[in-house]
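Peer 1:
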Amino acid sequence: MEKRSELYRGKAKTVFTTDNPERLILQFRNDTSAFDGEKVEQLDRKGMVNNKFNNFIMAKLEAAGIPTQLDQVLSDTETLVKKLTMIPVECVVRNFAAGSLVRRLGVTEGQALNPPTFELFLKNDSLHDPMINDSHVVSFGWATAEQLAQMKALTLRVNDVLSKLFDAGGMMLVDFKLEFGVDADGTIVLGDEFSPDGCRLWDKETRKKLDKDRFRQGLGGVVEAYEEVAARIGVPL
Ligand code: ADP
Ligand code: UDP
């Protein structure tokens with residue numbers, strides 16, 4: 051496998067083509083961004099931690115029968131993945147109220163949500179990732195109704211698997227965001243990443259925030275918190 055040219059430089063990862071047209075390399079950088087790229091900082095070790103964290107989680111999900119992009123870990127910060135045609139829609143599940151839900155609906159942070167909510171956002175930084183609904187997804191052709199139903203079912207299964215995993219490590223999986231794409235066979239596959247950059251995790255006892263809210267809210271100890279989460283669920287760093 052040979053690394054070829056840079057295809058896309060996102061806010062936190064760089065995507066490279068390879069000599070295999072069905073494979074890409076995701077390189078996890080130390081860049082950390084919030085508020086649609088308005089706040090950006092370099093945090094030591096973050097690329098390495100998120101790459102290893104993501105690979106550990108994707109392997110767990112794959113073992114639970116969820117199709118993921120994961121092919122092969124290449125280095126501390128690089129992973130070979132299936133090339134997907136990404137669906138520009140973010141799938142968000144919430145088990146407890148936090149973040150934009152609290153701001154939008156004026157509910158109390160930490161309120162338990164039974165059953166968990168499922169929300170869709172258009173992936174578009176210049177529009178600040180607006181919330182959308184099922185009919186927007188289908189009418190604008192971002193995904194078919196069938197693909198959307200699969201994305202929702204897979205996201206809820208991911209929630210079941212990961213809520214248990216984090217609970218066993220003494221944490222609450224408050225909410226998270228997933229991105230899906232379509233592979234060469236037309237299968238819906240989990241892409242992008244699952245790391246503390248794209249979810250909220252609180253300590254069960256103290257409710258200490260152990261995720262990117264530490265960066266958003268300037269609480270400090272961002273990568274140290276990610277490393278603590280990794281240690282609690284057994285991610286080898
Ligand atoms: P952003 O685009 O939000 O700034 P990143 O820095 O994480 O985010 O960039 C990674 C980009 O690569 C994202 O646009 C994501 O949709 C895309 N991507 C992630 N996984 C895959 C994949 N398996 N195949 C193709 N594109 C992918
Ligand atoms: N999220 C993300 N990328 C985004 C928007 C949200 O990873 O572009 C994650 C975020 O980290 C949280 C969940 O999705 O775990 C729900 O985010 P929310 O809608 O509360 O928005 P926020 O307050 O984070 O902007």
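Start counting the sequence shown at 51; every next residue gets the next number (the numbering used here).
Virtual Cβ for every residue (Gly too), placed ideally from N, Cα, C.
So the candidates are 78, 182, 252, 247; which of them puts its Cα closest to the Cα of residue 266?
Peer 2: Checking every option, the nearest Cα to that of residue 266 belongs to 247.
Peer 1: Counting C-beta neighbours from all protein chains within 10 Å, is the total for residue 162 16 or more, i.e. buried, or is it exposed?
Peer 2: Looking at its Cβ environment, which holds fewer than 16 other Cβ atoms inside 10 Å, residue 162 is exposed.
Peer 1: Taking DSSP's pairing of strands, which residues face residue 78 in a bridge?
Peer 2: DSSP lists 63 as partners of residue 78.
Peer 1: Are the stretch 132-143 and the stretch 229-248 touching, with three or more C-beta to C-beta distances below 8 Å?
Peer 2: Yes: the two stretches touch, three or more of their Cβ pairs being nearer than 8 Å.
Peer 1: Measuring from the CB of residue 220, is there a heavy atom of ligand 3 at a distance below 7 Å?
Peer 2: Ligands present in the displayed structure are limited to ligand 1 and ligand 2, and ligand 3 is not among them.
Peer 1: How should residue 177 be labelled, buried or exposed, when 16 other C-beta atoms within 10 angstroms of its C-beta is the threshold for buried?
Peer 2: Exposed is the call here.
Peer 1: If you draw a straight line from the C-alpha of residue 131 to the C-alpha of residue 76, how long is it?
Peer 2: Roughly 7 Å between the two C-alpha positions.
Peer 1: Locate the alpha helix (DSSP H) running through residue 108, then write down its first and last residues.
Peer 2: That run of the alpha helix (DSSP H) goes 96-113.
Peer 1: Can you give me the start and stop residues for the alpha helix (DSSP H) that residue 162 sits inside?
Peer 2: Counting along the chain, residue 162 falls outside any alpha helix (DSSP H), though it belongs to the beta strand (DSSP E) covering 162-172.
Peer 1: How many Å lie between residue 147 and residue 54 at the Cα?
Peer 2: Cα-Cα distance, rounded: 43 Å.
Peer 1: In this structure, how does DSSP classify residue 236 when only helix, strand and coil are distinguished?
Peer 2: Reduced to three states, the DSSP call for residue 236 is coil.
Peer 1: With a Cβ-Cβ cutoff of 8 Å, do residue 180 and residue 144 count as a contact?
Peer 2: Against a cut-off of 8 Å, the Cβ pair of residue 144 and residue 180 comes out as no contact.
Peer 1: Where does residue 194 land, buried or exposed, given buried means 16+ other C-beta within 10 angstroms?
Peer 2: Answer is exposed; the Cβ neighbour count stays below 16.
Peer 1: How far does the beta strand (DSSP E) with residue 278 in it reach, from first residue to last?
Peer 2: Residue 278 -> not in any beta strand (DSSP E); alpha helix (DSSP H) instead, spanning 272-283.
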